[in-house]
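Asker:
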Amino acid sequence: MTTMSCEDHVSRNRQGSLCRQRRSTHALPDRRKFLQASATSLGLSSVSGAITSLWAGQEGRGISEARFELPRGRVPASFIIDDSTCLVNMGHFCMPQFATAWPNRPNYKKPWKQWPREIPDAFVREFGEWCAEHGVKGKYSIVPYPACVGWLDRVLPGWSRRELLASLKLVRELMVPNWDIHPEMITHTRVIDLKTGRPMEEIHSGTMENSYPQEKKSVDELASYLAYALRILKNCDLPCEGITTPGGFGNRVKQELSLAVGEAVRDVYGTELPHYFKYVAGPKESTVPRLENTKDNGRDLSRAVMNVWAGTGDWFGNWDGDREPQPDRYCNRDATAGQMVDRIQKREPAMMLCHWPGLYSHGTRKGFRAFQRVILSLEGRFADELLWMKVSEVGRYYAAKELATIRYAARTVHVDTPYGTPDCTLAITGPPPFDPVVVKGSKKQRLRRVGRRADLVEGSHFVDGETCWVCFRLEQGQTAVVV
Ligand SMILES: [Zn+2]
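Counting the sequence shown from 1 gives a position; our numbering is that position plus 1.
Structure follows, in structure tokens:
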């Protein structure tokens, strides 16, 4: 927990507005800001720490602290699935193409011909329904021209037209409600020449999406490539607010890539806050999403993009579906150890990663069973602590948390934010009793009381001693919460 520093306070007084103070903290994604609107009138301007102690003697008068908490007071969790698409088993189809481009790598010399060419829709249905039952949400890639097998908006050789359309319909109906859909570039194998729509003639690492581009590319060039992938999914009537990079795509142009994501996703889908998945945090790195490309100290968000990180490796069946799952690395049976447990205990987004062929495991579904065990273990210990969200929802929540300005005076908290978010949760400390009402323009919403923090949902509050937790749908602009 951070308290307001002396410098913040002075800066607010000097600027005569809160904007400056808020905007200057963008570099610190999860910094919590506590401002006391009435501190000035009490003559506080220079002594750090004095505010808290002075307020300790003024408790009868109003709020002494208000902070942006985690959504519904829970740790956000998300399941990031790479290398999924319709019907095509990317393990089977990518392997020979990777082997041609990287002839010396032994891990590309596996018996792919013996592996199933299809991951059937029956498996998508089983997986999607099980996840819906257990509330699991996240990101599900749809590679639009998977391993150059066929165009999902045109024809998928090897499957009938009816099968392709049914597969897309299944994704729209079963997956879209709980999962962000991302293109994982165009093919996940060969780089496509956008002028001809054909794979580049030469085959080497430089013409594979996994390691593309090998030289500097402009933001516009990259954006054109991303937009090409996005448009295919748009033709399939699939919504997208972000993209996933295949393997090392964009490693040499990280800054341009981030800008290109914003440009392409806004261009094709008109998304307010595009996001992307590329990076995996090491055990000591944070999984808090990074807000990028804000300009003018955050006043200009027209290019803003959320960079959403994973917080685990893939420890199910790997990208080719050929590895023995190691579920304990995510979470052991009694949920006392594992990377997901560590993230939850740090109260950082628990972003779990895997590859779709690794859940199917060449048809044995070993990876899927290991995944189910992980989820059941997490439920066993953390049912009241976790909130499964789409990755876009995690990104949006942290964008609001980072950019919202919170001020308070007497018994009113004022929130001003450029992004709204569902499940906005504030912890407000002050003298009880509490009867919180959210005021937005002429609308007023009284928040009903729940008996446990774990029961917090939008439209409710929970009282814990002198702290009142309020949960409501935060809309863009100014909102007042009167407690
Ligand atoms: Zn991938």
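Yeah, the Cβ is synthetic: ideal placement off N, Cα and C, and Gly gets one too.
I need the straight-line Cα distance from Tyr409 to Gln446, nearest angstrom please.
Answerer: One-based indexing of the sequence shown puts residue 409 at position 408. One-based indexing of the sequence shown puts residue 446 at position 445. The straight-line gap from Cα to Cα measures roughly 19 Å.
Asker: Which class does Lys296 belong to by DSSP, given the choice of helix, strand or coil?
Answerer: Residue 296 sits at position 295 when you count from the first residue of the sequence shown. DSSP places Lys296 in strand when its eight states are reduced to three.
Asker: Taking the alpha carbon of Arg267 as the reference point, which residue from Glu242, Thr246, Lys285 has its own alpha carbon closest?
Answerer: Here residue 267 corresponds to residue number 266 of the sequence shown, with the count starting at 1. For the residues Glu242, Thr246, Lys285, the minimum Cα distance to Arg267 belongs to Glu242.
Asker: Figure out for me which residue from Ser303, Tyr146, Asn308 has the closest Cα to the Cα of Gly271.
Answerer: By 1-based counting over the sequence shown, the position of residue 271 is 270. Checking every option, the nearest Cα to that of Gly271 belongs to Ser303.
Asker: Helix, strand or coil for Ile376 per DSSP?
Answerer: By one-based count along the sequence shown, residue 376 stands at place 375. Ile376: helix per DSSP, three-state reduction.
Asker: Using three-state DSSP, classify Phe94 as helix, strand or coil.
Answerer: In the sequence shown, the residue the question calls residue 94 occupies position 93. Residue state, collapsed to three classes: helix.
Asker: Going by C-alpha to C-alpha distance, which of Pro104, Asp238, Val254, Phe94 sits closest to Gln115?
Answerer: Counted from its first residue, the sequence shown places residue 115 at position 114. Checking every option, the nearest Cα to that of Gln115 belongs to Phe94.
Asker: Can you tell me whether Gly139 is buried or exposed? The criterion is at least 16 other CB atoms within 10 Å of its CB, across all chains shown.
Answerer: Within the sequence shown, the letter at position 138 stands for residue 139. The residue is buried, with at least 16 neighbouring Cβ atoms inside 10 Å.
Asker: Which stretch, first to last residue, makes up the alpha helix (DSSP H) that contains Arg447?
Answerer: One-based indexing of the sequence shown puts residue 447 at position 446. Looking at the DSSP string, Arg447 is not in any alpha helix (DSSP H); the run it does join, the beta strand (DSSP E), is 444-447.
Asker: Within 10 angstroms of the Cβ of Leu88, are there 16 or more other Cβ atoms? Answer buried if so, exposed if not.
Answerer: Working through the sequence shown from its first residue, we reach residue 88 at position 87. When all chains shown are included, Leu88 counts as buried.
Asker: Grouping DSSP H, G and I as helix and E and B as strand, with all else coil, what is Cys132?
Answerer: The residue labelled residue 132 in the question sits at position 131 within the sequence shown. The answer is helix: DSSP assigns Cys132 an H, G or I state.
Asker: Kindly indicate which three-state DSSP category Thr101 falls into: helix, strand or coil?
Answerer: To locate residue 101, count along the sequence shown from 1; it is residue 100. In this structure, Thr101 counts as helix in the three-state DSSP scheme.
Asker: Going by DSSP, what residue range makes up the beta strand (DSSP E) through Val281?
Answerer: For the purposes of this step, residue 281 is taken as the residue at position 280 of the sequence shown. That run of the beta strand (DSSP E) goes 276-281.
Asker: Using 8 Å for Cβ pairs, my map puts Thr426 next to Pro77. What's the rounded Cβ distance?
Answerer: In the sequence shown, residue 426 corresponds to position 425, counting from 1. In the sequence shown, residue 77 corresponds to position 76, counting from 1. Not a contact, Cβ separation roughly 11 Å.
Asker: Taking only the alpha-carbon atoms, compute the straight-line gap between Trp357 and Gly460 and give it to the nearest angstrom.
Answerer: As a working mapping, residue 357 is identified with position 356 in the sequence shown. As a working mapping, residue 460 is identified with position 459 in the sequence shown. Their Cα atoms are separated by approximately 37 Å.
Asker: Under the criterion of a Cβ to heavy atom distance below 8 Å, does Gly248 qualify as lining ligand 3?
Answerer: The ligand content of the structure shown is limited to ligand 1, which means ligand 3 is not among them.
Asker: Quick check: Arg68 and Ala455, are their CB atoms within less than 9 Å of each other?
Answerer: On the sequence shown, residue 68 is found 67 positions in, with the first residue counted as 1. On the sequence shown, residue 455 is found 454 positions in, with the first residue counted as 1. Contact flag unset, no.
Asker: Given the structure, does Glu202 come close to ligand 1, in the sense that its CB is under 8 Å from one of the ligand's heavy atoms?
Answerer: Within the sequence shown, the letter at position 201 stands for residue 202. Every heavy atom of ligand 1 is 8 Å or more from the Cβ of Glu202, so no.
Asker: Give the DSSP-derived three-state secondary structure of Val48 in the structure shown.
Answerer: Stepping through the sequence shown from its first residue, residue 48 is reached at position 47. Because the pLDDT at Val48 is just 29, under 50, the model does not fix this residue reliably, and the value given afterwards should be weighed accordingly. Coil at Val48, not helix or strand.
Asker: For a test of your reading of the model: does the CB of Ser142 fall under 8 Å from any non-hydrogen atom of ligand 1? Yes or no.
Answerer: One-based indexing of the sequence shown puts residue 142 at position 141. Under cutoff, so the answer is yes.
Asker: Could you please give me the residues that DSSP links to Tyr420 through a beta bridge?
Answerer: Within the sequence shown, numbered from 1, the residue matching residue 420 stands at position 419. Paired residues: none, contrary to the question.
Asker: Closest to Arg449 by CA distance: which of Val464, His363, Ser443 is it?
Answerer: Here residue 449 refers to the residue found at position 448 of the sequence shown. Out of Val464, His363, Ser443, Val464 has the C-alpha closest to the C-alpha of Arg449.
Asker: Using 8 Å as the cut-off, can you tell me whether the segment 231-245 makes contact with the segment 179-187, which would need three or more C-beta pairs spanning the two stretches below that distance?
Answerer: Counting Cβ pairs under 8 Å, three or more are found: they touch.
Asker: Less than 9 Å separating the beta-carbons of Pro350 and Thr288?
Answerer: As a working mapping, residue 350 is identified with position 349 in the sequence shown. As a working mapping, residue 288 is identified with position 287 in the sequence shown. Yes, the Cβ-Cβ distance between Pro350 and Thr288 is below 9 Å.
Asker: State yes or no: is the C-beta of Asp417 within less than 9 Å of the C-beta of Gln479?
Answerer: Position 416 of the sequence shown, counted from the start, is the residue given in the question as residue 417. Position 478 of the sequence shown, counted from the start, is the residue given in the question as residue 479. Result yes, Cβ atoms of Asp417 and Gln479 sit closer than 9 Å.
Asker: With DSSP as the reference, identify every bridge partner of Ile407, one or two as the case may be.
Answerer: Against the sequence shown, residue 407 aligns to sequence position 406. Partner(s): Val416.
Asker: Distance, Cα to Cα, His462 vs Ala401?
Answerer: As a working mapping, residue 462 is identified with position 461 in the sequence shown. As a working mapping, residue 401 is identified with position 400 in the sequence shown. If I take the Cα positions, the gap works out to 20 Å.
Asker: Using only the alpha-carbon positions, how far apart do Gly339 and Ala265 sit?
Answerer: Taking the first residue of the sequence shown as position 1, residue 339 is located at position 338. Taking the first residue of the sequence shown as position 1, residue 265 is located at position 264. C-alpha separation (whole angstroms): 37 Å.
Asker: What is the DSSP secondary structure of Thr208, reduced to helix, strand or coil?
Answerer: For the purposes of this step, residue 208 is identified with residue 207 of the sequence shown, where counting begins at 1. If DSSP states are grouped into helix, strand and coil, Thr208 belongs with the helices.
Asker: Could you pull the start and end residues of the alpha helix (DSSP H) that Glu257 belongs to?
Answerer: Position 256 of the sequence shown holds residue 257. Run containing Glu257: 255-270, per the alpha helix (DSSP H) assignment.
Asker: With a threshold of 8 Å (Cβ to nearest heavy atom), would Thr245 be considered close to ligand 1?
Answerer: By 1-based counting over the sequence shown, the position of residue 245 is 244. Flag set: Cβ of Thr245 near ligand 1.
Asker: I need the DSSP call for Val150, collapsed to helix, strand or coil.
Answerer: Working through the sequence shown from its first residue, we reach residue 150 at position 149. Coil, per DSSP.
Asker: Any idea if Thr313 is buried or exposed, counting beta-carbon neighbours within 10 angstroms, 16 or more meaning buried?
Answerer: If you number the sequence shown from 1, residue 313 lands on position 312. Under this definition Thr313 is a buried residue.
Asker: Leaving out five residues on either side along the sequence, give the residues of the same chain with a beta carbon under 6 Å from the beta carbon of Arg118.
Answerer: For the purposes of this step, residue 118 is taken as residue 117 along the sequence shown, with counting starting at 1. Counting only Cβ-Cβ distances below 6 Å, and skipping sequence neighbours, we find Asn90, His93.
Asker: What's the gap between the Cα of Glu174 and the Cα of Ile233?
Answerer: Walking along the sequence shown from the start, residue 174 turns up at place 173. Walking along the sequence shown from the start, residue 233 turns up at place 232. Looking at the two C-alpha atoms, the distance is approximately 18 Å.
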